[in-house]
Amino acid sequence: MQPRCLKEVSQACLSGCCPSPILGFSEPLNKISKPRSTSATCRQNFAKTTTSSIFPNTHFTNPESLPSLQESFNGFIKVYPQYSDTYQVDQTRAQEYNHLAISNHTCLDYIGIGLFSYAQLQKHDSEKQIPPSASASSPPLPSPPQNMHLPFFSVSYKTGNLKTQLLHGGQESALESAMKKRIMRFLNVSENDYSMVFTANRTSAFKLLAESYPFKTSRKLLTVYDYESEAVEAMINSSEKKGAQVMSAEFSWPRLRIQSAKLRKMVEMKSKRKKTKRGLFVFPLHSRMTGARYPYSWMNIANENGWHILIDACALGPKDMDSFGLSLIRPDFLICSFYKIFGENPSGFGCLFVKKSTVPLLEDSVSAGMVSLVPAKKTFRLLDEFSGTDSDFEHRSKLGLQEDELDSSNSFSGPISSQTMHSGRVEQGETSESQTTGTTAKQEASKTSEIVESGKSAEVMRQENGILEIECRGLDQVDSLGLTRISNRARCLINWMVNALLKLKHPNTGEIPLVRIYGPRVKFDRGPALAFNLFDWKGEKVEAPLVQKLADRSNISLSYGFLHHISFSDEYEEEKATVLEKRVNGAKGTVTNKRKEKAGLGITVVTVALGVLANFEDTYRFWAFIAQFLDADFVEKAKWRYTALNQKTVEV
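Numbering (UniProt numbering), first residue to last: 1 to 652.
Structure representation (structure tokens):
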């Protein structure tokens, strides 16, 4: 039986045309004016106000005891009156992303930045013509699924030399040039200082860099990650093959703060080769799992001690680069990722930025992983099974796809249309300075013309002062909202969520908590991500994959991951044996080195991430779902239902 609180949420307005106070605000609420206080005072009082004002002196021991959505929202807005200043986000969500309300879907698993809005996709779908059927001589193409969106453009995989691509650019279409300019403008990255390539995904960007980085002379690789990352592992494996010495920061239990003394010792470690850089310092500005933010001062310390710096910006909020101070820190490398549309298939591409003064230091290496943005061709040749995720490239290789089949290998929803213009002018203004052999100006003009003609409306591509521009409405919306508004909204939502989760206690057990949170709890400076586990009334952990499956059934998207490099002081040594688990990788009996063996000890956790479009209803629905685990029979009932429906049973 569905709890009352979840039923109430499901009865909210689904049209998306009139956001209610539950979903957000149609206009700012009248707030009680308060005297202004300094930033330092606000930071000091934030955690105290949150913990003392949200459900004060209250614990919830069964899902039916939760206050209603409206009651919770009223209490939320009293504690965080500044949330009302973010009503434009709710208006944008209702107008541009109405599929979220229609589907009643709570998306808590999106990491990266969205390029386009769902409204753009809807308009394109209504105008796009179905491509002609294949000729009689060619084999019949599979029929597309009914819910398949015709792509605006696609990505095509290519093999090449990263250093050459960065130095000379190669052949670049008008579409690629326009997208690069828009992304660099959004991130405040100067084209005079940095070169950029598109990659298949985040993992491809890390691997590409590792294969070109001069580890033979700059031998060290130092990473700062409290979680297992496929991208970082790909970089480590490639660097070790080149003889790199791999080191990792450690994180203190239980709050998973960086062990500063150990990290400083590794950063300041003396090098025998004084004329070369020590190596590559890989630094995420905050953890995409725990939400822990790391001091920027580590980059300055690394720079002063002769390291090349790679900034992993994939977990940053959509406007966090505005506070980063890129012009002051000037990392050698920067990696970020973009997805299509929030609430849709989160496929996309990665971007690797390299400082132009650093490019000559890279080694010549021919690698796979770079991609080109191309007009959508042969739309139905490859269907949505190729989503652009980290495993897709390997999947295509297994299928033995030829290069001409990869023109639409990754359908990427990005609107392509243009005002009426002469295709020759577009080609002249947007092709690369260094044209590669084999493509004439006429062929390039034909390509550009195809881009222009693939859409009928003039809503997305436009020409400004002879330069082709692409409308990325997702980026435009974030730009208009600004850093302060986005950060304040995320801060209110994630801290309310943390506090509400900690109020859930098992009944008749001396109030054993249902939820254990890893990393920071209520904190002004925490990021909008959360890592946690659930424990039943006996204190046994509910496996993270099962939590994810049950959330899917409630139309809530979660993720799970693996925390590692956790250090226990003598005070917590007894907890170590009960907290850590061994990650099983590869075949049994495989010999692993000491580093891999140590990294294989950690904790599997459930993770959530709040995107820029998250609202209070999303956090409440998630809280109400988690509260169901207070029912001692809930897990067993769920397993029985899965078995009865002939679905795969998840073993706890």
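Where a beta carbon is used, it is the ideal one built from N, C-alpha and C, also for glycine.
These figures come from a predicted structure and were not determined experimentally.
Which of helix, strand or coil DSSP assigns to residue i
i: A609; result: strand
i: Y80; result: coil
i: K241; result: helix
i: D404; result: Only weak support is given to the placement of D404: the predicted model assigns it a pLDDT of 34, under 50, and the value that follows is read from those uncertain coordinates. Reduced to three states, the DSSP call for D404 is helix.
i: E385; result: Since pLDDT at E385 reaches only 38, below the 50 mark, its modelled position is unreliable, and the value read off the structure follows with that caveat. Of the three classes helix, strand and coil, the one that applies to E385 here is coil, per DSSP.
i: P63; result: helix
i: R521; result: coil
i: K48; result: helix
i: V189; result: coil
i: N57; result: coil
i: K158; result: strand
i: S297; result: helix
i: P284; result: strand
i: G169; result: coil
i: L580; result: coil
i: M184; result: helix
i: A368; result: strand
i: M269; result: coil
i: Y110; result: coil
i: S72; result: helix
i: E469; result: strand
i: R330; result: coil
Check whether residue i and residue j have beta carbons under 8 angstroms apart
i: Y157; j: A200; result: yes
i: T223; j: G519; result: no
i: D226; j: N488; result: no
i: S248; j: V359; result: no
i: V522; j: V542; result: no
i: I512; j: W537; result: yes
i: L468; j: M179; result: no
i: K207; j: G369; result: yes
i: T607; j: S559; result: yes
i: G114; j: F342; result: yes
i: residue 656; j: G474; result: There is simply no residue 656 to check, as the chain begins at 1 and stops at 652 in what is shown.
i: F60; j: K637; result: no
i: K496; j: I54; result: Note on identity: in this sequence residue 496 is Trp, with Lys being the wrong assignment. Cβ atoms of W496 and I54: closer than 8 angstroms.
i: Y213; j: L166; result: no
i: A627; j: P56; result: no
i: A490; j: G602; result: no
i: A302; j: I309; result: yes
i: residue 666; j: A244; result: Here the chain has residues from 1 to 652 only, and residue 666 is not among them.
i: L514; j: L534; result: yes
i: F568; j: W253; result: yes
Classification of residue i by the beta-carbon crowding that lies within 10 angstroms, buried from 16 upward
i: K277; result: buried
i: S10; result: Interpretation of S10 is limited by its pLDDT of 44, a score under 50 that renders its predicted location unreliable; the figure taken from the coordinates is listed afterwards. Counting Cβ neighbours within 10 Å, S10 comes out exposed, since fewer than 16 surround it.
i: N45; result: exposed
i: W477; result: This sequence places Gln at residue 477; Trp is not what is there. Answer is buried; the Cβ neighbour count reaches 16.
i: R553; result: exposed
i: R288; result: buried
i: C336; result: buried
i: S173; result: buried
i: A261; result: exposed
i: D525; result: exposed
i: G112; result: buried
i: D90; result: buried
i: R43; result: exposed
i: S357; result: exposed
i: S52; result: exposed
i: G348; result: buried
i: E574; result: exposed
i: V354; result: buried
i: A641; result: First, the amino acid is wrong: residue 641 is Arg here, not Ala. When all chains shown are included, R641 counts as exposed.
i: D332; result: buried
Inter-residue CB distance, residue i and residue j (contact presumed, cutoff 8 angstroms)
i: I494; j: P545; result: Between P545 and I494 the Cβ distance is about 24 angstroms, and since that is not below 8 angstroms, they are no contact.
i: A609; j: L108; result: 6 angstroms
i: N305; j: E268; result: 5 angstroms
i: Y118; j: Y87; result: Actually they do not touch by this definition, with Cβ atoms about 20 angstroms apart.
i: F622; j: T106; result: 6 angstroms
i: L162; j: V197; result: 7 angstroms
i: S238; j: G350; result: The Cβ separation is near 16 angstroms, so there is no contact.
i: G600; j: K582; result: 6 angstroms
i: Y620; j: S72; result: 6 angstroms
i: I517; j: R182; result: So it is not a contact: roughly 37 angstroms between Cβ atoms.
Near the ligand NAP: residue i beta-carbon under 7 angstroms from a heavy atom
i: S365; result: Looking for the ligand NAP in the displayed structure turns up nothing, as the structure carries no ligands at all.
Proximity test, Cβ basis, 8 angstroms: residue i and chain C
i: H105; result: In the displayed structure, chain C is absent; only one protein chain is listed.
Give, in chain order, every unbroken run of the beta strand (DSSP E) that is at least 3 residues long and sits entirely within the segment 483-537.
515-518, 529-535
Ignoring anything shorter than 4 residues, give me the alpha helix (DSSP H) runs that lie fully in the segment 192-233, in order along the chain.
202-212
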